[in-house]
Amino acid sequence: MTAVIDRERQDAPAPEPPSRVRSGLARALSPWTVVVILTVALLAYLTGVPLYFLIHDTFSGPDGFTLDHFGRAYGNDSGAGEMLYNSVVFAVGSALLSLVVGGTLAYLHVRTDVRYKGLLFIASFGPLIIPGFLYTAAWIFIADPGIGLVNTLFLTPLFGVDISIFSMGGMIWVQGLHHAPIAFLLMFAAFRAMDPSLEESALMSGAPRRVVLRRITVPMLRPAILGAVLLVFIQSLEAFEVPALLGLQSGVYVFTSRIYLELRSFPVDYGATGAYAIALLGIAVIGVLLSAFLSRDVTKYQTISGKAFRPRPMELGGARTAVNTGVLVYFVIALVLPLVVLVYASLLPFYRGPSVETLRSLSLVNYQRVIDLPAALTALQNTFVLGIATATATMLLTAVAAWLVVRTKAPGRRLVDLLTFSPLVVPGLVFGLALSFVYLRTPLPIYGTLLILLIAYTTKFLPFGMRYASVAMVQASGELEESALVSGASRMTIFRRVLLPLASSGMIAGWIYVLVISFRELSASILLYSPGNEVISVLIFDQFNKGEFTVVAAMGVIMIAILVVLVLIAYRLGARVGVRTDDDS
Amino acid sequence: MLLTSSGRIRTAITIAVIAGVVSSACGGAPLTAGAPPAQDGTQSEAEKVFAKFNAMSGQERHNALVAAAKAEGKLMLYGAPESSGELVDAFEKLYGIEVEVLTGQTEERTQKFIQEETAGRHVADVITNAMESIQQFDEMGFLGPYKSDLLKEIPESIRGDNWTAFVRVAFAAGYNTTVVDPSEIPESFADFADPKWKGKISLELGDFAWFMALYGYYKDKGMSDAEVTDLFERIATNSKVVSGHSQQAAMLSAGQFGVAVSAFTQSVDREIAKGAPVAWKGDGTATTQPIVLRYTSVGASRHAPHPAAAQLYLDFLLSPDAYPAYAAQKQLPIIPPPDDPLNGLETLPIDPAQLATEQAKWSDLYDAILRKGSQ
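For the record, the sequence lines run as chains L and A.
Be aware that the first sequence starts at 6, since it is given in my numbering, and climbs by one per residue.
Be aware that the second sequence starts at 759, since it is given in my numbering, and climbs by one per residue.
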């Protein structure tokens, strides 16, 4: 630990670059400074537009400033107290489940000699790829007390009991498993960038594994853990699918059921909707600040230093068989079961439980219908282009922003951190309205083209990119960058050639994450797309609205297949850069 | 170390944040306070075309309209997915005019249309939506006049100078015949309050308009407010609550519950067409009555880029030419055909004026009843 942490304090005077004979202006506007300024201005602009509209709608009435909207949203018989309680229990439970599941899987994958690593990786990020409402619907068909397959085929005939997904526990289960990939990808990157020699030394000094985990592993990973908890927590607070499909039937009403109701009224009460969103914003602000406070001593987490290390997988020994089995069981439960249900549904004219009759009616008709959709090919192309462009733009922007937040003490850097987090809490409809309002009045050809979707997606996914990028950069020690600076490299070069490669594990994890969720984005797309610029999620939504559930399942299966290929390619490419483990060689 | 640059960066960040925030705030005007009326006294190009065809009638109008629409060659429709598919195909086939469709849910379509019209970017020719939303467009001055012989058959309460209802949306109790014996289906909604339905029936989260209509219906039958509220609370206690009629229909087919109390007949009929064991009426089986009705409406944009095609599409929606497409989509055209599925059933139209003025009240009450029922 000493080599990494007990270095001289960061605030010691740093060496200046050798060549100082540049003019004042040129120095003030070094390429890197220009890049940082432009990035921050762009970020402030991108996040400022939706935020401005949200705040404006929430706090203004016919006579200027007002708090009336809050009265309507929280007053009377709105049951806000109970909803808040339910929302928080749901979000905390989901965040913890995601963290434990994702963290364990990441640890096993990076640090141990567990078998089936390829399978483990697919099992770990797989649920992410399945659109939320399909994943949830699949769980209804698995664990509904009346028609759930686990009950009808297994538990009821064998044991005379049944399980029900319709409870707070069931909601946390589905939401937690569905979001475990966020934690997995963050922790996966963090473990890869962490020198295991610290833990090895502790083990050799006789510390039990439990103690090592508690005293060394977890503290070292604090930024990644906080990042994962924060993302899943806020996402669960504003999640709609699981509360709508599982919560309503079990009488668990959360904040988002209320927002949904407001959006169904006519005309929509944007003031009250905003009042709910502002509450989420408040929670998010506290979360980001708390997370920054808890990991304030950045040097503690710097695990990538000038010292070479080559992580060696820990031998599980006698526990290996049990752990291997555990991985297989998880793979089956979290991914195979829901996928089998979706594939099964996609082959049917309408969903019903398996029987001789249904098995006879299996066909590929739904897939044929998807292929025959007039906009299918365009939508696929658009989604593909948008996904790759969004992931790249998001990670580039957040890489620079993360550098600013993690590596400098510039005032306002917390504000940048907060601004990049804010898109997570702006309701999709408000978000889309803000963008269309601005770009309808912009002479540039943005409205009605794919560009407006690119802008929307990039803005919406900044919070994710930012977490991935900053966790990755916290782990890279500044000393390598200092060496480069001393050797005369420009800051631009250092960023490109030193920091980005060192942080690449996390950056690639973030890129994969953004790519996958951009395939699913609906709430902003539905308002901003125009004919010819359809994306897959809009087509899926149309089919869903027409009541074509099994066609939707077919589209989901196709989308999952495409994304699995894309992610595996990115994973392969990612394995070639950054910190190498013995596995990769 | 790397912090040395923070002096420069510091200033830069401050400037950049301010610049970014200021520029994003410059968008200025409130989003949702409603757009200023577009009535500027002048007649748009589209309105001249509308006026020309509105002055004609009969076959003469039709022939001239078809010729002009064909010359325009295109139509941009902002319409719900369930009211575009086969209708659009049939229109394209009949007249050889290419139709582009923008879908999405009611609110998204509403906002997109309002935003575009307010900004002076006129893209849509025709927009279909819930009646109250179309009326709002009309009040904002976004719709062009529409006159046609076909309108005579439509009650004046559900049409205006610039718009008309064109589809009836019917709420009926849909049931899954493998879960519920058709002979058990009650004739009255009140029977769903019986504890024997516990866990077997389903209500939809946002159906407060349906609730409002039935509430008035039972009041008219002599029940007190307390009695009606109690009745619906007991129904809610028996219910599983779902959100969205499409999802409700899919879960009904799957047998997740036996009865969808406020299903759309079109959703149930589409499931029947796929072979699902569901129904909302049948030979010798009771249909739970009354059937609550609401209307989907349509209007042409005052600045439609393809005004003749827009008028022709409106004519088409009201004409018997569209009946086969309505039948294929399981929709109920506004002028009932001879074999209308609602023939002989008691219907109860939702009062649009009441909905417009009392919406918040009914939405809150329905929400409270559902939540009370879930405890």
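A virtual CB, placed ideally from N, CA and C, is assigned to each residue, including glycine.
At least 8 Å separates the CB of Leu449/L from every CB of chain A. Taking 8 Å as the threshold, the shortest C-beta distance from Lys465/L to chain A does not fall below it. Collapsing the DSSP output to three states places Gln254/L in a helix.
For Gly854/A, no chain L residue has a C-beta closer than 8 Å to its own C-beta; the minimum C-beta separation is roughly 17 Å. Put simply, the stretch 1017 to 1026 of chain A does not touch the stretch 885 to 903 of chain A. Fewer than three CB pairs are less than 8 Å apart. From the beta-carbon of Glu897/A, no residue of chain L is found nearer than 8 Å; the closest lies around 11 Å away.
By the CB criterion at 8 Å, Gly137/L and Ala188/L fall outside the cutoff. Minimum Cα-Cα distance from Ala96/L among the listed residues His74/L, Arg227/L, Leu242/L corresponds to Leu242/L. Cβ contact annotation for Ser842/A (same chain, cutoff 6 Å, sequence separation greater than five): Val859, in chain order.
By the Cβ criterion, the stretch 486 to 494 of chain L is not in contact with the stretch 546 to 553 of chain L, since fewer than three pairs of Cβ atoms, one from each stretch, lie closer than 8 Å. At least one C-beta of chain A is nearer than 8 Å to the C-beta of Gln254/L. Going by DSSP, Phe336/L is part of no beta strand (DSSP E) at all; its letter is neither H nor E. Within chain L, Asp547 have C-beta atoms less than 7 Å from the C-beta of Thr861/A, given in sequence order. Between Pro432/L and Thr278/L, the C-beta gap is smaller than 8 Å, which places the two residues in contact. In the three-state reduction of the DSSP assignment, Tyr79/L falls in the helix class, which pools H, G and I.
In the structure shown, Pro1091/A adopts extended strand secondary structure according to DSSP, grouped into three states. DSSP places Leu901/A in the strand class (E or B) of the three-state scheme.
If you draw a 10 Å sphere on the C-beta of Lys1039/A, you find 16 or more other C-beta atoms in it, and that means buried. Cα atoms of Gln480/L and Thr117/L: separation of roughly 21 Å, rounded to the nearest angstrom. Under the Cβ distance rule, Lys998/A counts among the residues neighbouring chain L, one pair being separated by less than 8 Å. The continuous alpha helix (DSSP H) containing Lys828/A extends over residues 816 to 830.
Around the C-beta of Pro953/A, fewer than 16 other C-beta atoms lie within 10 Å, and the residue is accordingly described as exposed. Between Glu991/A and Gly1131/A the beta-carbon gap is near 6 Å, inside 8 Å, which marks them as a contact. By the rule that beta-carbons nearer than 8 Å mark a contact, Ala249/L touches chain A. In this structure, the CA atom of Leu573/L is about 40 Å from the CA atom of Leu266/L. Residues of the stretch 434 to 463 of chain L that bring their beta carbon within less than 9 Å of a beta carbon in chain A comprise Leu434, Val435, Gly437, Leu438, Ala439, Ser441, Phe442, Val443, Leu445, Arg446, Tyr452, Gly453, in sequence order. Shown here for Val346/L: same chain residues with a beta carbon closer than 8 Å to its own, the five before and five after excluded, namely Ala143, Phe146, Ile147, Leu154 in chain order.
Within 7 Å of the CB of Gly98/L, no CB atom of chain A is found; the nearest one sits about 20 Å away.
Not a single CB atom of chain L sits nearer than 8 Å to the CB of Leu989/A.
Per DSSP, the unbroken beta strand (DSSP E) holding Ile885/A starts and ends at 884 to 888.
The Cβ of Leu1090/A sits no closer than 8 Å to any Cβ of chain L. Residues are counted here when their Cβ sits less than 7 Å from a Cβ of chain L; for the stretch 1031 to 1044 of chain A these are Lys1032, Gly1033, Ala1034, given in chain order. Glu866/A reaches chain L at Leu434, Gly437, Ile531, Leu532, counting residues in chain order whose Cβ is nearer than 8 Å. Ranked by how close their Cα comes to the Cα of Leu401/L, the residues Val216/L, Arg120/L, Leu505/L have Leu505/L in first place.
Unbroken beta strand (DSSP E) stretches of 3 residues or longer found wholly inside the stretch 947 to 976 of chain A: 959 to 962, given in chain order. The stretch 457 to 498 of chain L is shown to contain no whole beta strand (DSSP E) run of 3 or more residues.
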